Every structure is written in structure tokens, then in C-alpha cells.
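Notes for the one structure printed next.
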Amino acid sequence: MSDLTDLYQAVILDHNKRPRNRGRVPQATRVASGDNPTCGDNCTVYLQMDGDRIGKIGFDGSGCAISQASASLMTTQLAGKTLAEAEGQFAEFRDIVTTGKEPEEFSEVAAFAGVHAFPARIKCATLSWHAAIDALKKPDSPVEE
Amino acid sequence: MSDLTDLYQAVILDHNKRPRNRGRVPQATRVASGDNPTCGDNCTVYLQMDGDRIGKIGFDGSGCAISQASASLMTTQLAGKTLAEAEGQFAEFRDIVTTGKEPEEFSEVAAFAGVHAFPARIKCATLSWHAAIDALKKPDSPVEE
Amino acid sequence: MSCDFSNLRLDFPVLDQHVGGHPLVYLDNAATTHKPRAVIDAIARFYERDNSNVHRGLHALSMRATDGYEAARERTAKFINASESAEVVFTSGTTASVNLVAQGWARDNLQPGDVVVCTEMEHHSNMVPWQIVCQQTGATLRYIPVLGENAEGGLDLAAFDELLKEKVKLVAFTHISNTLGTINPAAEICAKAKAAGALTLVDGAQSAGHENVDVQAMDCDFYVFSGHKMAAPTGIGVLYGRKALLDAMSPWQGGGGMISTVAYEGSQWKPSPERFEAGTPNVADAIGLHAAMDYLDSVGRPAIGRHESELAALAYDALSDLPGIRILGPGEGQPRAGLVSFAFEGVHAHDVVTFADQDGVALRGGHHCNQPLMRKLGLPSTTRASFYLYNTPADVDALVASIRRILKFFGVE
Amino acid sequence: MSCDFSNLRLDFPVLDQHVGGHPLVYLDNAATTHKPRAVIDAIARFYERDNSNVHRGLHALSMRATDGYEAARERTAKFINASESAEVVFTSGTTASVNLVAQGWARDNLQPGDVVVCTEMEHHSNMVPWQIVCQQTGATLRYIPVLGENAEGGLDLAAFDELLKEKVKLVAFTHISNTLGTINPAAEICAKAKAAGALTLVDGAQSAGHENVDVQAMDCDFYVFSGHKMAAPTGIGVLYGRKALLDAMSPWQGGGGMISTVAYEGSQWKPSPERFEAGTPNVADAIGLHAAMDYLDSVGRPAIGRHESELAALAYDALSDLPGIRILGPGEGQPRAGLVSFAFEGVHAHDVVTFADQDGVALRGGHHCNQPLMRKLGLPSTTRASFYLYNTPADVDALVASIRRILKFFGVE
Ligand SMILES: Cc1ncc(COP(=O)(O)O)c(C=O)c1O
Ligand SMILES: Cc1ncc(COP(=O)(O)O)c(C=O)c1O
Chain X
715 MSDLTDLYQA VILDHNKRPR NRGRVPQATR VASGDNPTCG DNCTVYLQMD GDRIGKIGFD
775 GSGCAISQAS ASLMTTQLAG KTLAEAEGQF AEFRDIVTTG KEPEEFSEVA AFAGVHAFPA
835 RIKCATLSWH AAIDALKKPD SPVEE
Chain W
715 MSDLTDLYQA VILDHNKRPR NRGRVPQATR VASGDNPTCG DNCTVYLQMD GDRIGKIGFD
775 GSGCAISQAS ASLMTTQLAG KTLAEAEGQF AEFRDIVTTG KEPEEFSEVA AFAGVHAFPA
835 RIKCATLSWH AAIDALKKPD SPVEE
Chain D
2 MSCDFSNLRL DFPVLDQHVG GHPLVYLDNA ATTHKPRAVI DAIARFYERD NSNVHRGLHA
62 LSMRATDGYE AARERTAKFI NASESAEVVF TSGTTASVNL VAQGWARDNL QPGDVVVCTE
122 MEHHSNMVPW QIVCQQTGAT LRYIPVLGEN AEGGLDLAAF DELLKEKVKL VAFTHISNTL
182 GTINPAAEIC AKAKAAGALT LVDGAQSAGH ENVDVQAMDC DFYVFSGHKM AAPTGIGVLY
242 GRKALLDAMS PWQGGGGMIS TVAYEGSQWK PSPERFEAGT PNVADAIGLH AAMDYLDSVG
302 RPAIGRHESE LAALAYDALS DLPGIRILGP GEGQPRAGLV SFAFEGVHAH DVVTFADQDG
362 VALRGGHHCN QPLMRKLGLP STTRASFYLY NTPADVDALV ASIRRILKFF GVE
Chain H
2 MSCDFSNLRL DFPVLDQHVG GHPLVYLDNA ATTHKPRAVI DAIARFYERD NSNVHRGLHA
62 LSMRATDGYE AARERTAKFI NASESAEVVF TSGTTASVNL VAQGWARDNL QPGDVVVCTE
122 MEHHSNMVPW QIVCQQTGAT LRYIPVLGEN AEGGLDLAAF DELLKEKVKL VAFTHISNTL
182 GTINPAAEIC AKAKAAGALT LVDGAQSAGH ENVDVQAMDC DFYVFSGHKM AAPTGIGVLY
242 GRKALLDAMS PWQGGGGMIS TVAYEGSQWK PSPERFEAGT PNVADAIGLH AAMDYLDSVG
302 RPAIGRHESE LAALAYDALS DLPGIRILGP GEGQPRAGLV SFAFEGVHAH DVVTFADQDG
362 VALRGGHHCN QPLMRKLGLP STTRASFYLY NTPADVDALV ASIRRILKFF GVE
């Protein structure tokens with residue numbers, strides 16, 4: 715099971731078990747959702763902006779360990795970032811999960827390098843990132859409960 | 715080509731070349747048509763009744779040598795017959811073309827015994843007979859030009 | 002048992018391979034089944050000897066192809082005990098068969114106020130076509146509920162009786178649920194529907210290759226199934242319909258082969274089955290289907306169904322012991338078709354499937370084309386193990402061992 | 002010539018047989034073509050190694066099957082030079098593709114006063130679906146006439162210009178006529194239609210496997226074809242459509258695989274191509290189609306087209322000398338696809354076909370799914386010889402010798 719322990723690294727198992735920033739953000743001003751109709755995974759990302767930077771971020775939804783851990787880690791990576799910065803980080807993350815090449819500087823996202831060996835799971839890893847970028851691109855407006 | 719000369723006996727070639735009773739019957743009182751959508755053959759039979767017997771009979775339509783010869787021969791066989799008699803003759807004819815067994819008494823229809831070896835052509839041989847029986851079952855009424 | 006199932010695996014070339022270093026244990030049979038050598042060879046033989054277009058040809062190959070295609074139709078009629086082969090329409094699969102009836106019959110015959118009844122356990126393929134045609138016609142789609150928090154109670158037939166008080170025109174339901182393993186009382190449902198003046202369509206995707214099917218005894222109006230779920234090729238399926246109904250229906254597709262006359266101004270149709278088979282049919286795969294029916298009946302469908310149910314019962318018992326498991330469908334000792342769907346608190350089905358795959362065990366995880374039922378049961382997805390004639394008790398052991406390892410990895414057990 | 006066509010026969014197992022004591026001379030290629038060993042093996046290999054359902058699976062076989070199916074889609078996009086693989090929808094054949102556009106696009110977009118234009122030389126499969134949808138919507142179907150008493154003048158493009166003055170929404174026409182051998186100026190017709198604001202559907206059943214097809218250069222909106230007419234299996238076909246058009250179209254069938262969400266109350270669709278592929282697709286035959294495309298391009302489609310046209314010209318010249326013959330379509334020296342349709346005064350096509358069959362020569366006799374054109378030309382039927390890459394000049398000799406014997410038997414020559 716060497717491939718699998720690559721895929722399900724300790725970091726991923728940890729984020730899956732104890733997700734960070736899970737749940738909606740009470741004063742969210744931007745929200746976006748994504749789903750993966752093939753497997754039924756879905757993810758909603760809530761943002762409360764601080765100027766052009768993300769103030770608070772949270773996520774909701776259901777999916778496999780990869781998608782849940784990726785969403786959790788994503789929230790820790792994007793907090794405090796602008797849209798441009800977030801897009802840069804997503805590009806780097808996408809590179810990691812599609813090619814398996816590890817980032818130059820150490821980062822927890824390196825844990826996702828194992829995903830590239832499981833092409834069917836790449837969508838699981840990027841689902842929450844897509845939702846976050848979508849939310850960031852929206853104008854502020856009160857989010858209904 | 716032994717099979718084929720069985721199929722295209724002299725009788726058949728002759729009826730195909732010089733069909734008997736070809737064309738509509740001027741004072742026809744019954745008419746019926748049949749077609750074979752698979753190959754496009756069609757046949758119309760016209761009857762002028764004499765009591766419950768066929769007085770005059772004619773046919774029209776287009777098709778292969780088998781269907782044309784069969785129609786021609788059919789008209790010579792059914793002239794003067796009642797419905798019941800015609801049905802009996804048709805049953806015998808159908809027997810010949812599906813089994814290849816020759817009739818006990820000599821008859822020109824024996825020429826069609828070779829058809830049984832070509833199942834795709836059986837419908838060609840029976841098309842005009844079906845139309846004749848259909849026409850016989852109808853009530854008399856003037857046939858429009 | 003008339004047949005030694007442990008040797009049947011040898012008839013299926015695909016099973017002779019390793020996945021992740023382990024011998025393949027294929028438990029995704031409700032999605033699609035494998036093909037025995039006899040079926041693979043029948044397709045190849047057709048292309049090597051008789052390949053030709055059908056119906057409109059008079060040369061030797063064309064007559065052989067036509068004979069082969071029509072023999073497949075007759076074999077199919079016998080397989081489901083239709084009263085004549087003209088009641089068998091070849092389609093590309095169950096989904097196409099349902100859509101044909103939805104557009105060819107329902108679209109012409111439904112109006113506002115009319116009701117179509119299906120069930121909460123339907124596959125999307127026997128649900129979405131009715132949603133579409135109800136939207137097109139203004140009719141209403143109602144569902145027979147499933148009972149129990151794990152749907153262990155099957156269909157709520159009392160609720161069905163209530164529904165039948167409305168203007169029900171059609172009841173479309175699955176014979177065997179691909180998600181739950183429930184075996185529905187098809188004849189009883191058909192009888193109730195008939196008494197209320199409604200037609201019935203039975204989705205036989207999960208039953209046709211697993212038990213003897215008798216459409217006359219069941220007394221349904223339509224019965225639909227797919228070849229690929231019963232040891233036959235992909236791309237071929239069947240619509241059975243009562244002859245009088247079929248002959249009164251509009252064609253679903255126009256084209257070559259289904260017309261009696263065409264003029265530039267308009268056209269006339271042939272009777273069934275040709276009316277519904279526009280264009281060149283899938284001759285090779287119909288012939289493959291014929292070979293599959295012969296193969297299944299040489300083993301014996303009742304024996305196949307018993308064998309699968311036994312394996313499902315073994316799996317059910319072993320899985321029941323695992324911590325935090327929810328098993329859907331019939332409870333212990335209840336009749337169950339050859340599949341088990343289950344979910345764990347804290348371990349997602351897709352992770353289970355990915356792990357099991359590394360052990361050589363092929364499972365399916367997801368909504369099994371039954372999203373609304375999953376939502377009702379409060380599950381995003383389940384893992385499903387589904388059995389066929391070539392599976393063995395050893396396959397069940399491999400399944401359970403793999404699941405145990407997964408739970409351990411995720412710290413659940 | 003880059004390829005020695007005389008050896009290609011060896012790639013096709015079915016050709017290695019005798020009919021009526023003579024080596025088979027198969028000249029019914031416009032009805033269906035034979036399959037090379039590479040295609041037959043690709044199908045068997047799929048069932049022996051990778052067979053599984055696609056899209057919804059995460060286990061090894063399912064991923065392999067999905068990859069194989071999607072690779073077939075990409076290969077098809079390249080085969081016709083579509084701009085992306087999402088423009089390729091797999092169907093069961095040309096007829097299904099046309100019906101999909103008729104019901105998925107035309108039914109929603111036509112209204113009384115609108116006009117659909119097709120041609121007098123259309124196959125029923127590209128005529129009847131438009132008759133049906135025009136009846137459903139109140140639109141009108143008009144035909145571009147063919148010119149000449151043997152249709153030797155091709156389409157009347159001046160009449161087409163006149164037709165385009167009406168409210169034409171769609172022009173649906175065949176690239177190559179299966180009855181006449183006429184090669185229509187597809188790019189020119191598409192350009193005229195586009196200038197008039199109409200969409201175009203090109204029936205590529207007789208062109209896809211016979212010449213390089215470039216849907217972008219042709220500038221059509223839809224292009225449809227069948228696998229079985231280009232060395233691929235029965236049961237698989239293609240609808241090419243511009244992405245934006247496909248994404249705006251209604252699904253034709255509901256079911257598994259084409260939905261993004263399903264609730265009991267209603268559903269949402271995926272974008273193309275999934276939207277149009279409800280149910281389990283014909284995976285094995287898509288993979289067979291892939292192998293056929295590779296095979297054809299290894300020979301070279303332009304060379305194949307030239308080879309067939311040369312054989313047709315040889316046949317045309319030899320048959321022209323026979324007494325009482327009428328040859329349909331392009332006259333001597335005119336461009337002609339690889340087929341010749343002809344009729345004799347006094348000898349019916351079905352008798353010709355039955356006789357030729359005894360000489361091992363497989364021909365087609367009938368209306369070739371073009372009844373209205375036959376009626377216009379005053380012929381009940383014709384005999385058709387149609388060529389493919391494995392035919393040779395010796396096959397033409399066998400054809401002509403057989404026809405001469407038949408004429409003699411019937412006392413015509
Ligand atoms: C020009 C043309 N269009 C359409 C078709 C229909 O193709 P299919 O029968 O494969 O659907 C054919 C062949 O029969 C054809 O020759
Ligand atoms: C119960 C049921 N109905 C319908 C279908 C649809 O069958 P197909 O995808 O072969 O059209 C399936 C399988 O996917 C099924 O299990």
C-alpha cells in the first residue's frame with residue numbers, strides 16, 4: 715500500500731479528522747459552491763472580506779478524505795490573501811496535484827503530491843479551491859442564512 | 715447455377731416476360747393492394763365478380779420476376795373460383811413455396827417449388843395471392859378509376 | 002446445486018488478472034457484468050463470417066445476418082416469455098427503452114391531471130425520463146415512498162394504494178433496486194396498477210439476468226433491460242411491450258428500416274418491432290446478447306439468483322459486525338438480491354473504494370444514480386458490493402478483509 | 002499510390018470465404034463495411050482486459066474503461082478536426098444522431114413559418130426525422146431538387162438560392178449520396194446556408210470513412226456518421242456539434258450519467274457531451290471505432306477515396322456498354338464516389354442480386370432508403386455496387402461478368 719500512504723499522508727488524515735474552519739462564517743459577505751456530479755461531492759466556501767483580503771473563511775459540504783482535507787488546508791492557506799495571491803496559490807496547488815512535483819519551499823500542501831498518481835481523485839482535491847476562487851471574484855453582498 | 719434454374723424455371727420466365735391478365739379490369743368491383751416494404755415490390759389485384767365467383771381478374775404493380783410471374787399465374791389459377799376455393803389453392807401454393815414439395819397433381823404452380831430454397835423470396839411469390847384473397851373478402855362496390 | 006459455481010470464473014477471461022498485486026475480485030456487477038468467452042467469440046464470429054446489413058439485403062451474408070438478428074429476437078422473447086417475438090424491440094439499453102416509452106407512449110397519452118407513479122428507489126434512468134415527459138405534458142409525477150431509516154422496509158404499498166386513487170396512467174418501477182438490493186413484488190404492483198386502469202413499466206436492469214423472468218405471469222405492459230448487466234455486450238438493450246400497445250405508439254425515431262412508405266410529403270410506419278428500430282441496428286451485439294442468454298440458461302437463472310443472494314447474505318452478516326456501519330435495504334434474514342450497500346460514519350465511500358482497489362477488490366462508491374434516495378436517507382454516498390455468478394465466498398472474505406484494513410487505517414476499528 | 006490495396010483484403014477475415022462456390026466479392030459497402038482484424042481484436046481485448054462501466058467508478062478497471070472511452074472521443078475529434086472533444090457525442094448511429102438534433106434542437110427552435118431544407122437525394126434517415134419534427138412544430142420541409150433524368154446533374158443550387166429566401170432555420174443534406182454516388186459541395190452549401198442565417202447538418206454516413214473530413218473547414222454546425230459504414234462495429238455513431246449549440250440544446254434522453262443533480266422534484270443537466278449520453282454508453286464499440294479510425298488513417302483516407310472512385314469509374318465504363326442500362330448519378334468523367342447504381346429495362350434488381358449472389362458477388366437491390374427519389378426517377382428499384390478499400394479491379398471484372406450472364410439468362414443481351 716505504498717501508493718496509498720502517499721495519497722493519504724498524515725497531514726491529509728489529520729485535516730480530514732479535525733478539519734480547520736469548518737462551518738459557515740456568521741458575517742460572510744461572499745459565498746460560492748461547487749460540486750462533482752460524478753461522485754456527489756460538494757463544497758461551499760464562505761468569506762468575510764477585510765478590504766480586498768480574506769478576513770474570515772469557512773467551508774461546508776461533504777466528500778471523501780481528500781476533498782475534506784484539501785478544503786481544510788485551503789482555508790489555512792488562503793486566510794488573509796487577496797484574489798491575485800489566492801490564484802497564485804491555487805496554480806501552485808494544481809501543479810502539485812497534477813504533476814506530483816513538490817513545491818520549492820516546504821508547505822503542508824506538499825502532502826497532496828500523492829494525488830497525481832490517482833487521476834480520478836484530482837477533482838476531489840481541487841473542488842474547494844475552485845469554490846474559494848469563485849467566491850473571491852464575487853462582489854460583497856449579505857449572505858442569506 | 716442449378717439452384718437458380720430451379721428458381722427461375724421456364725414457366726416463371728415465361729409468365730414474367732408475357733404476363734397474363736396484366737392491367738386493371740374495367741368493370742372491377744373489388745380491389746386490394748399489398749406491398750413488401752423491405753424491397754419495394756407492390757401488387758394490386760382487381761376483381762369483377764360473377765355471383766360468388768371471380769368473373770374477371772387482373773393485376774398491376776411492379777416487382778421481381780418471381781412476384782410478377784406469380785401474380786400472372788395466380789390470375790390464371792383463380793379465375794372462376796369462390797373465396798373458399800381460392801383459399802384452398804393459396805394454402806397449397808404456400809405449401810409449395812415454403813416446403814418445396816411438389817403438388818400431387820401436375821400444375822404449373824409446381825414451377826414455384828424452387829422458391830423454398832430462397833427464403834427471402836417467399837414473400838415475393840405470395841404477395842399477389844395475399845392481395846387477391848384480401849380483395850375477395852371485400853364487399854362489392856364500384857372501383858374508382 | 003446443479004452447477005459448481007467455483008469453476009465459472011474460468012469462463013470469464015477478464016477475471017484472470019491481478020490488480021494492485023492481488024487477484025481481481027470484481028464486485029461491481031450491478032454497474033456492469035463481465036462477458037464469458039462464448040459471448041466474446043460470438044461477436045468476433047459474426048464479424049468474421051456473417052457481417053452485413055440486415056433486412057434489406059438478398060445476398061448470402063445479408064440473409065445470414067438477418068437470420069442471426071431475428072433469431073436473437075426470438076431468443077429474447079423466449080428468455081422473458083413474451084407471447085411473440087414482435088413484442089421485443091432492440092434498443093441501446095435500459096435507459097433508451099425507458100425514454101422510448103416516455104416519448105413514444107407517455108408524451109401522446111398524458112395530460113394535465115394525469116399522474117405517473119414511480120418509486121423513491123428508482124434509478125435516474127427510470128425517473129428523469131418521467132420528470133421530462135411530465136413537464137412536457139403537464140402531468141404529475143408521484144413517488145411510492147420507501148420505509149425505514151435504512152430503507153429496510155421496502156416500498157410502502159399502503160401509500161401506493163392511496164396514490165392509485167388519483168388519475169394514474171402509468172406505474173414505472175424497478176424490479177430489483179440497484180442501490181438497496183430490495184426485490185419488489187412486481188406481480189402484485191402490476192395487479193394493483195391494472196385494477197386501477199394504469200399501465201406498468203418494469204425496470205428489469207437488475208433482474209433480467211438474475212432470475213427467470215416471465216412477463217406474462219408478471220402481467221406488466223412494458224419490461225426493459227440492458228445486455229451489459231447480464232453477461233452480454235454494451236450497446237444493446239431490450240424493450241418488451243404488449244403488441245397492441247406497441248402498434249398504437251408513435252415511433253420515437255424516424256429513419257431507414259422503420260417506414261412502410263416515404264414520400265417527400267410524409268411517411269407511414271411499419272408495425273412493431275420495426276417501427277422502433279430506425280437505422281441500422283446493432284446486429285453484432287444482438288447476436289452477443291443471444292449468446293449470453295444461452296450461457297446464463299445453461300447455468301440456470303434460478304441457481305444464479307440463489308448463489309448471488311447467498312453471497313450477499315454472507316457479506317451482510319460479516320459486515321454487520323463492523324463498528325459504525327449502516328447497511329441499506331432488507332434486514333437480516335429478509336430476501337435480498339445479490340448486492341449490499343453500506344456506509345460508515347467518518348469514512349467516505351470514495352476512500353473505501355480507492356483503498357479496496359489496492360487490494361484488488363473492485364467496488365462502487367457514490368449515489369448509484371439514485372441521488373434523491375441518498376438525500377432522503379441522509380447519506381452523501383454508499384459503498385456497494387454486488388455479486389454475479391462468477392463470485393465466490395472467497396470473494397466475500399477478500400471484501401471483508403479489505404474493509405477491515407481500511408477502517409483500521411482511518412482509525413475507526 | 003502510397004499503399005498496395007491488393008493486399009488489404011487479407012486484413013479482413015470475413016472476405017476469406019466462398020459464396021455459391023466462388024470467392025466472396027463484397028460490393029455492398031454503402032450498406033455496411035467489413036471490419037479489419039484490428040477492430041475485431043480491439044473489441045475482444047476490451048472485454049478480456051478492461052471491461053467495466055465508465056465515469057462513475059474509481060476502481061482500476063473502471064478507470065481504464067473510462068480512459069479508453071474518452072480516448073475514443075478524442076480520437077474522433079481529431080478524425081474530423083473538431084475543435085474540442087466535448088463536441089463529439091457518441092450515439093448508436095447516424096439515424097440516432099439526426100433524431101437527436103431533430104428532437105433536441107429543432108423541436109425547441111422551429112415554429113410555423115420556419116423552413117427546414119433537405120434534398121431530394123436524402124436517405125430516409127435524414128428525411129423522416131425532419132418530416133416528424135416539422136409536423137410537431139408546424140414548420141415546413143422543403144427539398145433541393147436533383148437535376149437530370151438520371152439525377153446526373155446533382156443538386157439544383159440555383160433552386161437552393163431561391164429556397165434560402167424563405168425563413169430557413171436549418172439545411173440538412175448528405176455529403177455523399179448512398180444512391181447516386183454524387184459528392185455534394187458541402188462547404189459551399191454550408192456557406193450559403195450560413196449567409197442566410199440557417200444552421201447546417203451534414204450527413205456524413207458515406208463520407209466519414211472515405212475522405213479526410215474537416216468540420217471546421219466545412220464550417221457546418223452538425224456532422225453525423227455511423228461506425229459500421231467505416232470499418233467499425235455496429236451500434237456506435239457520432240454526432241459532432243458546435244459546443245455552444247450543444248450546450249444550449251435540450252437533452253434527448255433522461256437517465257444516469259447526463260444529470261448534474263436529481264431531486265424528486267426535478268433535475269439539472271451536465272454540459273455536452275454528457276448531457277446527450279444518458280445511460281451506460283456503448284463503451285466496447287467506441288473503442289472499436291477508435292481502432293477503425295487508426296486503421297483507416299494508417300492506409301490514408303485520401304488514398305482510400307481515390308481507390309474507390311477509380312473502381313467506380315471502371316465499373317461505370319464497363320456497365321455503360323450493356324444494352325438497356327440506366328446508370329444513376331454523375332455522368333462519364335464526372336466526380337463520383339465509390340458506388341454505381343443502375344437499372345435494366347426488363348430485369349428487376351432483386352433478380353439481379355439473387356443471380357449475382359450465386360456468383361459470389363454481393364450487391365444491393367432496392368430503393369436504398371430513398372423511395373421518393375426512386376419515384377421521381379420512375380424506377381421501382383436499382384442495383385447498387387459499392388466499393389471500399391479492400392475491393393480490387395478483379396472485383397469489378399467479377400461484377401461485370403456476372404451481370405452479363407444475368408442479362409443473357411433473361412434474354413436481354
Ligand atoms: C447517406 C446515409 N445517411 C444515413 C444512413 C443511415 O445510417 P445508419 O443506418 O447507420 O443509421 C445511411 C446508411 O444507411 C446513409 O447511406
Ligand atoms: C435499476 C437500474 N435501472 C436502470 C439502469 C440503467 O441501465 P443502462 O445504464 O444500461 O441504460 C441501471 C443501471 O445503471 C439500473 O441498475
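Chains as they are written, first to last, in this note's numbering: chain X, 715 to 859; chain W, 715 to 859; chain D, 2 to 414; chain H, 2 to 414. The beta-carbon is built from N, C-alpha and C at its ideal position, and this holds for glycine as well. Computed from a predicted structure; not experimentally measured.
Segment limits, beta strand (DSSP E) that includes residue i
| i | result |
| --- | --- |
| Val-203 (chain D) | 200 to 204 |
| Ser-855 (chain X) | It is not in any beta strand (DSSP E) - Ser-855 (chain X) carries neither H nor E in the DSSP assignment. |
| Trp-270 (chain H) | 267 to 270 |
Chain X contact for residue i (CB, 8 Å cutoff)
| i | result |
| --- | --- |
| Ala-402 (chain D) | no |
| Phe-91 (chain D) | no |
| Leu-59 (chain H) | yes |
| Lys-271 (chain H) | yes |
| Met-128 (chain H) | no |
Residue-chain proximity (residue i, chain H), Cβ-Cβ < 8 Å
| i | result |
| --- | --- |
| Ala-798 (chain X) | no |
| Pro-751 (chain X) | yes |
| Arg-732 (chain W) | no |
| Ala-779 (chain W) | yes |
| Lys-79 (chain D) | no |
Chain W within 8 Å of residue i, Cβ atoms only
| i | result |
| --- | --- |
| Pro-381 (chain H) | yes |
| Gly-325 (chain H) | no |
| Pro-355 (chain H) | According to the sequence displayed, residue 355 (chain H) carries Thr and not Pro. Thr-355 (chain H) counts as touching chain W. |
Residue-level contact to chain D via CB, residue i, 8 Å cutoff
| i | result |
| --- | --- |
| Met-231 (chain H) | no |
| Cys-757 (chain X) | no |
| Asp-720 (chain W) | no |
| Met-715 (chain X) | Interpretation of Met-715 (chain X) is limited by its pLDDT of 40, a score under 50 that renders its predicted location unreliable; the figure taken from the coordinates is listed afterwards. At least one chain D Cβ lies under 8 Å of Met-715 (chain X). |
| Gly-769 (chain X) | no |
| Gly-754 (chain X) | yes |
Residue range of the alpha helix (DSSP H) that includes residue i
| i | result |
| --- | --- |
| Thr-355 (chain D) | 350 to 359 |
| Leu-400 (chain D) | 394 to 410 |
| Phe-80 (chain D) | 61 to 80 |
| Arg-143 (chain H) | Note, Arg-143 (chain H): premise wrong, no alpha helix (DSSP H); beta strand (DSSP E) at 141 to 145. |
Original post:
Can you list, in chain order, the residues of the stretch 814 to 845 of chain X whose Cβ is nearer than 9 Å to any Cβ on chain H?
Top reply: Per Cβ criterion, the list reads Phe-832, Pro-833, Ala-834, Arg-835.
Subject >> Any 3 or more C-beta pairs closer than 8 Å across the stretch 282 to 296 of chain D and the stretch 219 to 237 of chain D >> reply: Touching, per the Cβ criterion.
**OP:** Kindly confirm or deny that the stretch 160 to 180 of chain H and the stretch 103 to 122 of chain H touch, where touching means at least three C-beta pairs closer than 8 Å.
**Re:** A contact exists between the stretch 160 to 180 of chain H and the stretch 103 to 122 of chain H.
Subject >> Positions along the stretch 159 to 176 of chain H whose CB lies within less than 7 Å of some CB in chain D >> reply: Flagged: no residues at all.
Subject >> Contact between the stretch 351 to 363 of chain H and the stretch 269 to 282 of chain H (3+ Cβ pairs under 8 Å) >> reply: Because the criterion of three Cβ pairs below 8 Å is not met, the stretch 351 to 363 of chain H and the stretch 269 to 282 of chain H do not touch.
Original post:
Is it a yes or a no for the stretch 78 to 94 of chain D touching the stretch 242 to 254 of chain D, going by three-plus beta-carbon pairs under 8 Å?
Top reply: In this structure the stretch 78 to 94 of chain D touches the stretch 242 to 254 of chain D; the number of beta carbon pairs closer than 8 Å is three or more.
**OP:** Could you say if the stretch 42 to 61 of chain D and the stretch 327 to 346 of chain H meet the contact criterion of at least three C-beta pairs nearer than 8 Å?
**Re:** The stretch 42 to 61 of chain D and the stretch 327 to 346 of chain H do not touch, with fewer than 3 CB-CB distances between them shorter than 8 Å.
Original post:
Is there contact here, the stretch 789 to 800 of chain W with the stretch 826 to 840 of chain W, by at least three beta-carbon pairs under 8 Å?
Top reply: Contact between the stretch 789 to 800 of chain W and the stretch 826 to 840 of chain W is absent: fewer than three C-beta pairs spanning the two stretches fall below 8 Å.
Subject >> Residues of the stretch 5 to 23 of chain D whose Cβ lies closer than 8 Å to any Cβ of chain H, in chain order >> reply: Result list: Pro-14, Val-15, Gln-18, Val-20, Gly-21.
**OP:** Pull out every residue of the stretch 248 to 279 of chain H whose Cβ sits closer than 8 Å to any Cβ of chain X, in chain order.
**Re:** Taking 8 Å as the Cβ-Cβ cut-off against chain X, the residues of the stretch 248 to 279 of chain H that qualify are Ile-260, Ser-261, Thr-262, Lys-271.
Original post:
For the stretch 349 to 373 of chain H, which residues have a CB atom closer than 8 Å to at least one CB atom of chain W, in sequence order?
Top reply: Listed in chain order, the positions of the stretch 349 to 373 of chain H with a beta carbon within less than 8 Å of a beta carbon of chain W are His-349, Ala-350, His-351, Asp-352, Thr-355, Phe-356, Gln-359, Gly-366, Gly-367, His-368, Gln-372.
**OP:** Taking a Cβ distance cut-off of 9 Å, strictly less, list which residues of the stretch 47 to 71 of chain H are near chain X, in chain order.
**Re:** Against chain X - using a Cβ distance shorter than 9 Å - the residues of the stretch 47 to 71 of chain H are His-56, Arg-57, Gly-58, Leu-59, Ser-63, Met-64, Thr-67, Asp-68.
Original post:
For the stretch 397 to 406 of chain D against the stretch 2 to 22 of chain H, are there 3 or more C-beta pairs whose distance is under 8 Å?
Top reply: Between the stretch 397 to 406 of chain D and the stretch 2 to 22 of chain H there are fewer than three inter-stretch CB-CB distances shorter than 8 Å, so the stretches are not counted as touching.
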